[in-house]
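FYI, in numbering that gives the first Met the number 0 the residues of the sequence shown are 0 to 73.
Ideal Cβ positions, reconstructed from N, Cα and C, are used throughout, including at glycine.
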Amino acid sequence: MKGRKEPVRVKKYTVVPNKDATTWLLKIEDVAPYEEFDKQSKAIEAGMKLAEANRPSQLMIFDENHEQQGIQTF
């Protein structure tokens, strides 16, 4: 249809620990790890930069027990 817009797809990024909680993973669309970090804070910082550069997007952050800590929308 003319004038009809496609829905905007929100990109999803996730910060999660690896299975032993020894490193932190930044994932895109919750599929394969995009990058690995030694600290959660570094993974969150990288995730925020990536999400902000690829708006509209969401960054979901999980703790070492795989419990959701929060969601940031960009």
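According to DSSP, T22 sits in a beta bridge with which residue or residues? According to DSSP, which records beta bridges pairwise, T22 is partnered with nothing at all.
Closest by C-alpha distance to A20, when choosing among F61, Q68, Q71, F73: F61
Among T72, F73, N17, V9, which residue has its Cα nearest to the Cα of A42? N17
Considering only their Cβ atoms, is the gap separating V14 from L25 smaller than 8 Å? yes
Can you tell me the Cα-Cα spacing of T22 and E34, whole angstroms? 10 Å
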